[in-house]
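Letter by letter, the sequence shown follows residues 185 to 365 in the numbering used here.
Note sheet for the following structure.
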Amino acid sequence: YLAFSQSYRLQRIASFMNPYDDQQGSGYQLIQSIYALAHGGVTGTGFGHGIQKLFYLPEAHTDFIFAVIGEEFGFLGSCLVVFVFFVLVVRGFMAALRSDDPFAIMLGTGIVSMIFIQFMLNLGAVTGLLPITGVPLPFVSYGGSSLILCMASTGIILSISRDNYRRQQLQGSGRKGIHKE
Numbered sequence: 185y186l187a188f189s190q191s192y193r194l195q196r197i198a199s200f201m202n203p204y205d206d207q208q209g210s211g212y213q214l215i216q217s218i219y220a221l222a223h224g225g226v227t228g229t230g231f232g233h234g235i236q237k238l239f240y241l242p243e244a245h246t247d248f249i250f251a252v253i254g255e256e257f258g259f260l261g262s263c264l265v266v267f268v269f270f271v272l273v274v275r276g277f278m279a280a281l282r283s284d285d286p287f288a289i290m291l292g293t294g295i296v297s298m299i300f301i302q303f304m305l306n307l308g309a310v311t312g313l314l315p316i317t318g319v320p321l322p323f324v325s326y327g328g329s330s331l332i333l334c335m336a337s338t339g340i341i342l343s344i345s346r347d348n349y350r351r352q353q354l355q356g357s358g359r360k361g362i363h364k365e
């Protein structure tokens, strides 16, 4: 009901389903994003040689930075970005799940899940698989609030990992630390 209660919401859903119905209006940004990804091809146009970021693709530096990466570095560069995020997520989950503290496990998996979901929402919006929501690409998009939150979240994950390492070192040496065994 909520999706259809306002006309702009209905228009957003319609432009997601077929952006070519309103090429100069609500579908423009998605079409330009798809053009950028297609223009990049396999190897890309080269760093700084993309044309979609030059006032064709609105918000290219924020929500649609992945389209610019896809244009300038191609499919291979896009796959590299996806791989880096995959490694980040897997390592974050590993750090969280190795903890003995239930709170650290929940906090770590929640933080990693938040970053992963944000990444998938942005990737889906840029490629046209999900409606455009305005979610930035973690660690990459221009904008202070998202970057600060992602950096603080990464710091918490690193703290959980450091705590796990210290706990293992104390158990290996037989000494008692500040943590109760």
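Even glycine gets a Cβ: it sits at the ideal position worked out from N, Cα and C.
Burial state of Asn-202 (16 or more Cβ within 10 Å)
exposed
Just the Cα atoms here: how many angstroms apart are Phe-267 and Leu-260?
10 Å
Among His-233, Ile-299, Val-271 and Leu-331, whose alpha-carbon lies nearest the alpha-carbon of Thr-246?
Leu-331
Keeping to the same chain, check which residues put their C-beta closer than 6 Å to that of Thr-293; ignore five residues upstream and five downstream.
Ala-280
Roughly how many angstroms lie between the CA atoms of Ala-244 and Gly-230, to the nearest whole one?
16 Å
Can you check which of these residues, Gly-234, Phe-239 and Val-274, is closest to Phe-257 by C-alpha distance?
Gly-234
Quick check on the DSSP output: the alpha helix (DSSP H) that includes Leu-214 runs from which residue to which?
212 to 224
contact_flag[the region 203 to 212, the region 270 to 290] where n(CB pairs < 8 Å) is 3 or more
no
Could you tell me if Ile-336 is buried or exposed, where buried requires 16 or more neighbouring beta carbons within 10 angstroms of its beta carbon?
It is Ala, not Ile, that sits at residue 336 in the sequence shown. It counts as exposed.
Under a three-way DSSP split, which group does Asn-306 fall into?
helix
What are the boundary residues of the alpha helix (DSSP H) that includes Ser-325?
Element bounds for Ser-325: n/a, residue is neither H nor E.
Could you tell me whether the region 314 to 326 touches the region 286 to 305, where touching means 3 or more Cβ pairs closer than 8 Å?
yes
Below 8 Å on the Cβ atoms is my contact criterion, and I expect Lys-237 with Val-226 to pass it. Report the Cβ-Cβ distance as a whole number of Å.
About 20 Å separates the beta carbon of Lys-237 from that of Val-226, a gap too long to meet the 8 Å contact definition.
Does DSSP put Glu-243 in a helix, a strand or coil?
The answer is coil: DSSP assigns Glu-243 none of H, G, I, E or B.
Please go through the same chain and pick out, in chain order, the residues whose beta-carbon is closer than 7 Å to the beta-carbon of Leu-307, but skip the five residues on each side of it.
Phe-250
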